[in-house]
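Residue numbers (our numbering), protein chains in the order written: chain B, 1 to 108; chain R, 1 to 553; chain S, 1 to 173.
Where a beta carbon is used, it is the ideal one built from N, C-alpha and C, also for glycine.
Computed from a prediction, not measured in an experiment: that's the story for all the values here.
Reading through the structure tokens given below for one structure.
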């Protein structure tokens, strides 16, 4: 092949847990952290990923979040949806009983 | 049961204050997450998939009514109204906030409870036979020795940074209800030829990614030498256990790589140096602890249990529950009542705060104020008069706690799995829910008979899949949940590790596969044969053929 | 690095003699096990106070015959999660009867100090910027003990034995 295949970048968002509450959050605009995946900043290329990872590390150093990492998402009508089962469950809560899910008990 | 004195109170209170300080140093930034992590883990605090998870120690599974009421309070005040009882006889809360944990621990300390050493590379909560003190086949109450070991191992300065976690189990009865062969150290009480009671010491058992059956390194250890011998084992392990690879760091790998005889010789050498010294366990001390576990004031001239017999004949559901959930207490006229936390369609081992309060009330009324958590994630009331059994059952039924399935197909052990756990590859609880719904018919359960179905969401095997008659292991296959099935495992004195039966099943298919296995067993069993007996007689082939079709030659 | 001994930060009187450095004949040299094994006779011939470092994979039996020649034995904690040296400390005190200074070096953190002290370690190499008073308070966070170690003799029931310390100096609880 003469033409180089263009590298396909999986769309991503950055996630972490809050230090104090432990709750799942996603990096949103203005270096803020949001519980709603729908509000997450969508990362579409390596530069943005590097930049957001740096912001996330600063949030670790200043004691806001713990263990940030990027997850692959696809973009649907309802916004970003995680590709992996693990991240789907992390985003919506345990699948075992409706009343155990994040949405059912938003702020206990 | 054991009652804390001033000394015990002080250590728990000081530990709360110490942890409060550690949390505030973490929040202030003085401690990094890397430095804080082992500190919070040594106090049972994990960061899981959705939130922090706190594991609270229930030493050898024994609780008072007052304590379980506090567990209910914690569930309401700091969590989402429920808790999860584990296979190591502890309870886990899935939603506490880091900032609340010091207050939560202070509340626990008010009833002599704590989270000390429920995680981390230290000696974990010591487990014992859930029927200790009431079983009719035991030599001695194993909780006496579990309590002695609890005290010795608590904040042990030398053994708080071991190569890996360390689990000890004690059984006082020849029927092994504590899975001593699958612990880092298993202590099996034995009588020597002179009639003295001591311990057979087993070392290096465990499940996880490398399931190994513990090997005996000493046939008979006198009681007075218990602590010096444990210290010798732990010291050898602490110095020689592997620290280069987390998957090879458990003592089972050291015993395997060193060889049992050589390992035993190293332990004996160190033990001979220290035995008879300061760690000698004096009779007075054993008796002091024993006095806490003295039998309650049983009614010595039991009323004839005719009412109970009449109720069993009159009420089919009650009769069925008695048959599966009640076993005889060594005290005539009393029974050991198992309360199932496995109703069809629910998460195994979960109890709501309201249910915990009901359990507290019932233990007070019917069982001398005492409950036990079993390693099968159920609750035991150890001392229930048969005459009061029908009334107890009615109250349990009203609280959704009268499921008659102890030891049966729907009495499933399951780890939290991918619904909660950071390490999991696949969900466990929903698989358990679906199996228990499939096998919800009491007549069918009774017909199938004794069956252990154990489900783990990853290779770490917290759901004990290696020792299930039917073991189910969740694996990740390109982002999808698959389930590998093993057959023939056994955690008891008939010890066996399950055999992988073939390729894994999808999330949708795994329940059908379990049903096929059970149907196959029902076809080929002889009358009264349990699944385990059929398995030992026929082996893997008939099951394999039913699941995957006849083998090609 | 600072040295925390008996609740105080003191100046370290010892220096490390690197493996490739010439034996300088100066006082208070701390050598590695490798150096000791190589130059044992020369080091003894200097007739000076000697110290040695045991790395976490170097148990005390490597220097079994020479233990009493050292005034200081440094136990290295490469990571604070590597707990081998706790056992080395207890063996040095109890099995080999070492009476000199047992010094924790490496990744020594405040929350491990009390455990180390209880195993017979009595000097702690710590970062220069730590607050000695705050770190010293770590020793008193847990005042009761369920098991004997090297701070108190063992136990039937420890609350009947007042806490004292016969190894590590005058720590007050």
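Is it buried or exposed for residue i, if we count other Cβ within 10 angstroms and need 16 for buried?
{"i": "residue 29 (chain S)", "result": "buried"}
{"i": "residue 45 (chain B)", "result": "exposed"}
{"i": "residue 551 (chain R)", "result": "exposed"}
{"i": "residue 83 (chain R)", "result": "buried"}
{"i": "residue 118 (chain R)", "result": "buried"}
{"i": "residue 58 (chain B)", "result": "exposed"}
{"i": "residue 180 (chain R)", "result": "buried"}
{"i": "residue 500 (chain R)", "result": "exposed"}
{"i": "residue 77 (chain B)", "result": "exposed"}
{"i": "residue 156 (chain R)", "result": "buried"}
{"i": "residue 503 (chain R)", "result": "exposed"}
{"i": "residue 195 (chain R)", "result": "exposed"}
Counting only Cβ pairs nearer than 8 Å, list the residues of chain S close to residue i.
{"i": "residue 166 (chain R)", "result": "Simply none; closest approach about 12 Å."}
Give me the chain R residues within the contact set of residue i, using Cβ-Cβ distance strictly less than 8 Å, ordered along the chain.
{"i": "residue 37 (chain B)", "result": "In chain order: nothing, as chain R lies at least about 13 Å away."}
{"i": "residue 51 (chain B)", "result": "By Cβ distance, chain R contributes nothing, its closest Cβ being about 22 Å from residue 51 (chain B), past 8 Å."}
{"i": "residue 66 (chain B)", "result": "33, 47"}
{"i": "residue 48 (chain S)", "result": "The premise fails here: residue 48 (chain S) is roughly 31 Å from chain R at the closest Cβ pair, so nothing lies under 8 Å."}
{"i": "residue 15 (chain B)", "result": "Ordered by position in chain R, no residue passes the 8 Å Cβ test against residue 15 (chain B), which lies about 11 Å from the chain."}
{"i": "residue 4 (chain S)", "result": "None at all; the shortest Cβ gap to chain R is about 17 Å."}
{"i": "residue 82 (chain S)", "result": "161, 243"}
{"i": "residue 80 (chain B)", "result": "Result: empty, since nearest Cβ-Cβ is about 16 Å, beyond 8 Å."}
At a cut-off of 7 Å, is residue i close to the ligand MG when judged by its beta-carbon and the heavy atoms of the ligand?
{"i": "residue 75 (chain R)", "result": "Only the bare structure without any ligand can be found here, which leaves the ligand MG out of the picture."}
Excluding the 5 residues flanking residue i on each side, which residues of the same chain have their C-beta closer than 6 Å to its C-beta?
{"i": "residue 16 (chain R)", "result": "105, 106, 109"}
{"i": "residue 105 (chain B)", "result": "With a pLDDT of only 49 at residue 105 (chain B), under 50, the local geometry of the prediction cannot be trusted, and the value read off the model is given with reservation. So no residue of the chain qualifies."}
{"i": "residue 522 (chain R)", "result": "none"}
{"i": "residue 4 (chain B)", "result": "Reliability of the predicted coordinates at residue 4 (chain B) is poor, the pLDDT of 49 falling under 50, and the value obtained from them is presented with this limitation in mind. Here the set comprises nothing."}
{"i": "residue 424 (chain R)", "result": "417, 418, 457, 458"}
{"i": "residue 166 (chain R)", "result": "123, 184"}
{"i": "residue 264 (chain R)", "result": "217"}
{"i": "residue 26 (chain R)", "result": "36"}
Which residue or residues does DSSP assign as beta-bridge partners of residue i?
{"i": "residue 486 (chain R)", "result": "R:471, R:500"}
{"i": "residue 80 (chain B)", "result": "B:75"}
{"i": "residue 8 (chain S)", "result": "S:5"}
{"i": "residue 33 (chain B)", "result": "B:27"}
{"i": "residue 278 (chain R)", "result": "Residue 278 (chain R) pairs with nothing; no bridge assigned."}
{"i": "residue 191 (chain R)", "result": "R:197"}
{"i": "residue 92 (chain R)", "result": "R:55, R:84"}
{"i": "residue 45 (chain R)", "result": "R:54"}
{"i": "residue 106 (chain S)", "result": "S:77"}
Please state if the CB of residue j and the CB of residue i are separated by a distance shorter than 8 Å.
{"i": "residue 149 (chain S)", "j": "residue 121 (chain S)", "result": "no"}
{"i": "residue 59 (chain R)", "j": "residue 140 (chain R)", "result": "no"}
{"i": "residue 467 (chain R)", "j": "residue 498 (chain R)", "result": "yes"}
{"i": "residue 389 (chain R)", "j": "residue 458 (chain R)", "result": "no"}
{"i": "residue 65 (chain B)", "j": "residue 19 (chain B)", "result": "yes"}
{"i": "residue 513 (chain R)", "j": "residue 437 (chain R)", "result": "no"}
{"i": "residue 3 (chain S)", "j": "residue 123 (chain S)", "result": "yes"}
{"i": "residue 273 (chain R)", "j": "residue 65 (chain S)", "result": "no"}
{"i": "residue 188 (chain R)", "j": "residue 420 (chain R)", "result": "no"}
{"i": "residue 50 (chain S)", "j": "residue 31 (chain S)", "result": "yes"}
Under 7 Å Cβ to Cβ from residue i, same chain only, skipping five residues before and after it: list those, please.
{"i": "residue 83 (chain B)", "result": "72, 73, 74"}
{"i": "residue 28 (chain B)", "result": "34, 39, 40, 41"}
{"i": "residue 68 (chain R)", "result": "356, 359, 360, 371"}
{"i": "residue 166 (chain S)", "result": "Unreliable positioning characterises residue 166 (chain S) in this predicted model, as indicated by a pLDDT of 35, which lies under 50. The coordinate reading is nonetheless provided below. So the list is empty, once near-sequence residues are dropped."}
{"i": "residue 233 (chain R)", "result": "185, 203, 267"}
{"i": "residue 95 (chain B)", "result": "89"}
{"i": "residue 11 (chain S)", "result": "none"}
By Cβ distance below 8 Å, which residues in the same chain neighbour residue i in space, the five residues on each side in sequence not counted?
{"i": "residue 70 (chain B)", "result": "12, 13, 14, 15, 43, 49, 52, 53"}
{"i": "residue 25 (chain B)", "result": "15, 16, 17, 18, 33, 34, 35, 65"}
{"i": "residue 446 (chain R)", "result": "320, 323, 324, 408"}
{"i": "residue 154 (chain R)", "result": "11, 116, 117"}
Can you name the residues of chain B whose CB is closer than 7 Å to the CB of residue i?
{"i": "residue 256 (chain R)", "result": "Within 7 Å Cβ-Cβ: nothing; residue 256 (chain R) doesn't reach chain B, min ~32 Å."}
Applying a beta-carbon distance threshold of less than 7 Å, which residues of chain R neighbour residue i?
{"i": "residue 19 (chain B)", "result": "98"}
Who are the neighbours of residue i on chain R, taking C-beta pairs under 9 Å?
{"i": "residue 35 (chain S)", "result": "None at all; the shortest Cβ gap to chain R is about 23 Å."}
{"i": "residue 97 (chain S)", "result": "The premise fails here: residue 97 (chain S) is roughly 12 Å from chain R at the closest Cβ pair, so nothing lies under 9 Å."}
Just to make sure I have the definition right: I need the residues of chain S whose C-beta is within less than 9 Å of the C-beta of residue i. Which are they?
{"i": "residue 11 (chain R)", "result": "142, 143, 144, 145, 146"}
Under 7 Å Cβ-Cβ, which residues of chain S neighbour residue i?
{"i": "residue 156 (chain R)", "result": "147"}
{"i": "residue 263 (chain R)", "result": "In chain order: nothing, as chain S lies at least about 16 Å away."}
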